[in-house]
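Here the protein sequences line up with chains A and B, keeping their order. Each residue of the first sequence is one higher than the one before, counting from 38 in this note's numbering. Each residue of the second sequence is one higher than the one before, counting from 38 in this note's numbering. Backbone N, C-alpha and C fix where the C-beta goes; we use that ideal spot for every residue, glycine too.
Protein chains: 2
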Amino acid sequence: MQAADELRDAVEAYLDSLPLTPELGSLEEALRYSLDSGGKRVRPVLCLAVAEANGASVEDALPAAAALELVHTFSLVHDDLPALDDDDERRGRPSAHVAFGEGVALLSGDALLSEAYRLALTYDRTDLARHLVEATIGMIAGQYRDITGDTAELEEIHRLKTGRLFVAAVRMGLDVARVPDSDRAAWMAFGEDVGLLFQVVDDLLDAEASTATLGKTAGKDSRQGKSTYVSLLGAQRTRELAQELRAEALAALDGLGTRAARLSALADFVVLRKF
Amino acid sequence: MQAADELRDAVEAYLDSLPLTPELGSLEEALRYSLDSGGKRVRPVLCLAVAEANGASVEDALPAAAALELVHTFSLVHDDLPALDDDDERRGRPSAHVAFGEGVALLSGDALLSEAYRLALTYDRTDLARHLVEATIGMIAGQYRDITGDTAELEEIHRLKTGRLFVAAVRMGLDVARVPDSDRAAWMAFGEDVGLLFQVVDDLLDAEASTATLGKTAGKDSRQGKSTYVSLLGAQRTRELAQELRAEALAALDGLGTRAARLSALADFVVLRKF
Chain A
38 MQAADELRDA VEAYLDSLPL TPELGSLEEA LRYSLDSGGK RVRPVLCLAV
88 AEANGASVED ALPAAAALEL VHTFSLVHDD LPALDDDDER RGRPSAHVAF
138 GEGVALLSGD ALLSEAYRLA LTYDRTDLAR HLVEATIGMI AGQYRDITGD
188 TAELEEIHRL KTGRLFVAAV RMGLDVARVP DSDRAAWMAF GEDVGLLFQV
238 VDDLLDAEAS TATLGKTAGK DSRQGKSTYV SLLGAQRTRE LAQELRAEAL
288 AALDGLGTRA ARLSALADFV VLRKF
Chain B
38 MQAADELRDA VEAYLDSLPL TPELGSLEEA LRYSLDSGGK RVRPVLCLAV
88 AEANGASVED ALPAAAALEL VHTFSLVHDD LPALDDDDER RGRPSAHVAF
138 GEGVALLSGD ALLSEAYRLA LTYDRTDLAR HLVEATIGMI AGQYRDITGD
188 TAELEEIHRL KTGRLFVAAV RMGLDVARVP DSDRAAWMAF GEDVGLLFQV
238 VDDLLDAEAS TATLGKTAGK DSRQGKSTYV SLLGAQRTRE LAQELRAEAL
288 AALDGLGTRA ARLSALADFV VLRKF
């Protein structure tokens, strides 16, 4: 299996040369701006790694992996809008609506989502696109719960808002490799754990990092009254939770033998992002 | 073939009882509010009529027809937002963002689009969803050109913003009936004509009707500096253009024999909407 950094390079190269629908015209600039973000590409890397571990080629999995990144990017562009999180900065640069205006940012998000489905539909079967749709709807439902603010639902919000796209990354990797349903349970459990782990680490980063190193407005979640793992559990307990989830993710991989063993590096790719 | 009004009733009944993804929770209210609009359902009726004229059952075509209406509704919800057309009224009622707030309206549009793809993917093949994606991207590209305001491109804007979804309605009706590519040209030409006809009639309505009868803010297009057929050609010439397009649409049907003859009623369903 290729290392996570190699898979990330493959994602970057694919996204860089990905043709978008020509009719978008100069709207394409806004899509490229948001896609060309310097993000870690965690979801597509996860998809590629799972597909490769199950015998598919990275090349076959790249459209699915890119589709996941486009859905993720769509969600960031819309969530940053003044009507939602009102965040002027994203990954150290002006948010899309600051750079292009609200109307163009809104349309660029709509176009990113549609381009994602276009990519998922380049496969000659419906399973990949169906799984992407289900995850996207779950993600939107999570954002809705987040802005309507029921703090008792924190884990449910994260399971939807962040977790569903991680689970879809694993599932679509399995789809590309045509892994039968009966062989999927451990992989799906790994996806659930990694998704939750990612969110817990994200909360820690938001609470602890400065705006400069984080590349987005730090401490914003708590100032907006959004509850986070850190605000509910405290930083120390949240750090322990991250370690527990990492162990759980690795345990999920244990039953899958050597072809999955090196996927454990992915758990660290997630948990060790910034510290 | 069933009359257009009967097909419209079938669409209404299907939409009324359509289960949405349960995880949406109370966000479903905002989707239902915008879907339950009293619109004429022109696009889904067109899809059903084309499918039925080519030997498919209305029942088989209803998910595709509903998917088209959901994409159309998504576009209305987002276009009405303050960041785009800033329209407070839609079909005689408060727009979604007035009724639910901007954030919820934005998310409800995202969810409508994703639910549309979910419906298009209930078919066991990718053609319907692919055609819906292509039309949606074209529609978004048209709205982008509309807000960036190059008046020289009026026909191109309408071909994208309105026409693409009409063409998709015809194409998806043909998909449901599994009409081979070689037999599609006249149907597609009919779709192009009806889409343009619809937009021309829409411009006439916007220029001539009062806000009360139109159910949205009348005369808004010209006040926003958007060029329309009426502002470019004058009302009289635009009315003649509508009649010419109607004749062209009917001519496109001529070569298709008796099974298409009754589709001509659809051209009148479009052109005679309000006068």
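Along the chain, where does the alpha helix (DSSP H) containing residue 54 of chain B start, and where does it finish?
On the second sequence, residue 54 of chain B is found 17 positions in, with the first residue counted as 1. First-last for residue 54 of chain B: undefined, no H or E at that position.
message = Run through the DSSP bridge pairs and tell me what residue 126 of chain B is partnered with.
response = The residue you call residue 126 of chain B lines up with position 89 of the second sequence. Partner(s): B/131.
Sequence ranges, alpha helix (DSSP H) only - wholly within the segment 41-110 of chain B, length at least 4: As summarised for the segment 41-110 of chain B, the continuous alpha helix (DSSP H) elements at least 4 residues long and confined to that stretch are 41-53, 64-72 and 79-90, given in chain order.
Check: Using a Cβ-Cβ distance under 8 Å, would residue 312 of chain B count as near chain A?
Finding: As a position in the second sequence, residue 312 of chain B is number 275, starting the count at 1. Only weak support is given to the placement of residue 312 of chain B: the predicted model assigns it a pLDDT of 35, under 50, and the question is left unresolved by the model.
Open item on the list: I want to verify the contact list: residues of chain A whose CB lies under 8 Å from the CB of residue 151 of chain B, in sequence order.
Closed with: To locate residue 151 of chain B, count along the second sequence from 1; it is residue 114. What residue 151 of chain B touches in chain A: 150, 170, 173, 174 and 177.
Q: Would you mind stating whether residue 154 of chain A and residue 79 of chain B have Cβ atoms separated by less than 8 Å?
A: Indexing the first sequence from 1 puts residue 154 of chain A at position 117. Indexing the second sequence from 1 puts residue 79 of chain B at position 42. No, the Cβ-Cβ distance between residue 154 of chain A and residue 79 of chain B is not below 8 Å.
Can you name, in chain order, every residue of its own chain whose Cβ lies under 8 Å from the Cβ of residue 150 of chain A, other than the five neighbours on each side? What you label residue 150 of chain A is simply residue 113 of the first sequence in a count that begins at 1. If we look at residue 150 of chain A and ignore the five residues flanking it on each side, its Cβ neighbours are 107, 108, 111 and 173.
Practice problem: Anything in chain A within Cβ reach of residue 139 of chain B, meaning under 9 Å, just list it in chain order. | Solution: Here residue 139 of chain B refers to the residue found at position 102 when the second sequence is read from its first residue. Within 9 Å Cβ-Cβ: 118, 119, 120 and 121.
| Within chain B, partners of residue 109 of chain A - CB distance below 7 Å | Residue numbering aside, residue 109 of chain A sits at position 72 when the first sequence is read from its first letter. The premise fails here: residue 109 of chain A is roughly 13 Å from chain B at the closest Cβ pair, so nothing lies under 7 Å.
- prompt: If we cut at 8 Å on Cβ distances, does residue 294 of chain A have a partner in chain B?
  reply: What you label residue 294 of chain A is simply residue 257 of the first sequence in a count that begins at 1. No - not a single Cβ of chain B is within 8 Å of the one on residue 294 of chain A.
My output table needs one value for residue 231 of chain B: the three-state DSSP class, helix, strand or coil. Within the second sequence, numbered from 1, the residue matching residue 231 of chain B stands at position 194. Residue 231 of chain B falls in the helix class under three-state DSSP.
So, with DSSP's three-state summary, where would you put residue 243 of chain B? Here residue 243 of chain B corresponds to residue number 206 of the second sequence, with the count starting at 1. When secondary structure is reduced to three states using DSSP, residue 243 of chain B falls in the helix class.
Quiz prompt | Contiguous alpha helix (DSSP H) assignments of at least 4 residues, all confined to the segment 185-214 of chain B | solution = 191-195 and 201-213
Would you call residue 59 of chain B buried or exposed, if buried means 16 or more other Cβ atoms sit within 10 Å of its Cβ?
Within the second sequence, residue 59 of chain B is the residue found at index 22, counting from 1. Counting Cβ neighbours within 10 Å, residue 59 of chain B comes out exposed, since fewer than 16 surround it.
Could you list which residues in chain B have their beta carbon closer than 9 Å to that of residue 232 of chain A, in chain order?
Along the first sequence, read from residue 1 onward, the residue named residue 232 of chain A stands at position 195. Those do not exist, as residue 232 of chain A stays about 15 Å from chain B at its closest Cβ, beyond 9 Å.
Next item on the list: State whether the segment 185-201 of chain A contacts the segment 156-164 of chain A, with contact taken as three or more CB pairs (one from each stretch) at a distance under 8 Å.
Entry: no
Does the beta-carbon of residue 53 of chain A have 16 or more other beta-carbons within 10 angstroms, so that it is buried, or is it exposed?
As a working note, residue 53 of chain A is residue 16 in the first sequence. Residue 53 of chain A should be labelled exposed.
Where does the unbroken alpha helix (DSSP H) through residue 275 of chain A begin, and where does it stop? Counted from its first residue, the first sequence places residue 275 of chain A at position 238. 272-291 is the span of the alpha helix (DSSP H), which, as asked, contains residue 275 of chain A.
| query | For residue 120 of chain B, does the three-state DSSP call read helix, strand or coil? | reply | Position 83 of the second sequence holds residue 120 of chain B. Note: residue 120 of chain B maps to coil in three-state DSSP.
Exercise for review: Check the C-beta distance from residue 213 of chain A over to residue 228 of chain A and give it rounded, since I have them as a contact under 8 Å.
Suggested key: For this step, residue 213 of chain A is matched to residue 176 along the first sequence. For this step, residue 228 of chain A is matched to residue 191 along the first sequence. That belief does not hold up - the Cβ atoms of residue 213 of chain A and residue 228 of chain A are roughly 14 Å apart, past 8 Å.
With a threshold of 8 Å, are at least 3 pairs of Cβ atoms found where one atom belongs to the segment 83-90 of chain A and the other to the segment 120-139 of chain A? These segments do not touch.
### Residue of A/148, A/285, A/184 and A/280 minimising C-alpha distance to residue 64 of chain A
Counted from its first residue, the first sequence places residue 64 of chain A at position 27. Minimum Cα distance to residue 64 of chain A is reached at A/148.
For residue 178 of chain B, which option in A/62, A/46, A/57 and A/301 has the closest C-alpha, if you only look at C-alpha atoms? On the second sequence, position 141 is the one that residue 178 of chain B refers to. Residue 178 of chain B has its Cα closest to that of A/62, out of A/62, A/46, A/57 and A/301.
query: Assuming residue 118 of chain A contacts residue 143 of chain A under a Cβ cut-off of 8 Å, what Cβ separation, rounded to an integer in Å, is found between them?
result: Along the first sequence, one-based indexing puts residue 118 of chain A at 81. Along the first sequence, one-based indexing puts residue 143 of chain A at 106. That belief holds up - the Cβ atoms of residue 118 of chain A and residue 143 of chain A are roughly 7 Å apart, short of 8 Å.
Under DSSP, the alpha helix (DSSP H) around residue 156 of chain A begins and ends at which residues? The residue given as residue 156 of chain A occupies position 119 in the first sequence. That run of the alpha helix (DSSP H) goes 139-157.
Just tell me which of B/136, B/302 and B/275 has its CA closest to the CA of residue 287 of chain B.
Locating residue 287 of chain B in the second sequence gives position 250, counting from the first residue. Among B/136, B/302 and B/275, the Cα nearest to that of residue 287 of chain B is on B/302.
- With burial defined as no fewer than 16 other Cβ atoms inside 10 Å of the residue's Cβ, what is the status of residue 44 of chain B: buried or exposed? Indexing the second sequence from 1 puts residue 44 of chain B at position 7. Result: buried.
6 Å CB neighbourhood of residue 293 of chain B in its chain, flanking five on each side removed:
Numbered from its first residue, the second sequence carries residue 293 of chain B at position 256. The residues are 223.
- Query: For residue 300 of chain B, which of helix, strand or coil comes out of DSSP?
  - Reply: The residue given as residue 300 of chain B occupies position 263 in the second sequence. Three-state result, residue 300 of chain B: coil.
Quick check on this structure: which residue in A/138, A/70 and A/300 has the alpha carbon closest to the alpha carbon of residue 284 of chain A? Translated into positions along the first sequence, residue 284 of chain A becomes position 247. Among A/138, A/70 and A/300, the Cα nearest to that of residue 284 of chain A is on A/300.
**Report entry** Supposed contact pair residue 55 of chain A and residue 84 of chain A - C-beta distance, whole angstroms, cut 8 Å
**Finding:** Translated into the one-based positions of the first sequence, residue 84 of chain A becomes position 47. Translated into the one-based positions of the first sequence, residue 55 of chain A becomes position 18. Wrong, their Cβ atoms sit about 15 Å apart, outside the cutoff.
| message | If I measure Cβ to Cβ from residue 312 of chain A and keep anything under 6 Å in the same chain, skipping five residues before and after, which residues do I get? | response | Sequence index remark: in the first sequence, residue 312 of chain A carries index 275 (1-based). Residue confidence is low: residue 312 of chain A scores 36 on pLDDT, short of 50, so the model does not pin down where it sits. Its coordinate-derived value is still stated next. Here residue 312 of chain A has no same chain residue with a Cβ atom under 6 Å from its own Cβ, once five neighbours each way along the sequence are excluded.
- Could you check which residue in B/305, B/211 and B/219 has the C-alpha nearest to that of residue 102 of chain B? Translated into the one-based positions of the second sequence, residue 102 of chain B becomes position 65. Ranking the options by Cα distance to residue 102 of chain B, first place goes to B/211.
Among B/126, B/146, B/185 and B/81, which one has its Cα closest to the Cα of residue 157 of chain B?
Numbered from its first residue, the second sequence carries residue 157 of chain B at position 120. Residue B/81 is the option with its Cα nearest to residue 157 of chain B.
Query raised in the report: Using a beta-carbon distance cut-off of less than 7 Å, what residues from the segment 60-73 of chain A approach chain B?
Result: 60, 61, 62 and 64
Margin query: Using the three-state DSSP reduction, which class does residue 170 of chain B fall into: helix, strand or coil?
Written below: For the purposes of this step, residue 170 of chain B is taken as residue 133 along the second sequence, with counting starting at 1. Here residue 170 of chain B sits in helix by DSSP.
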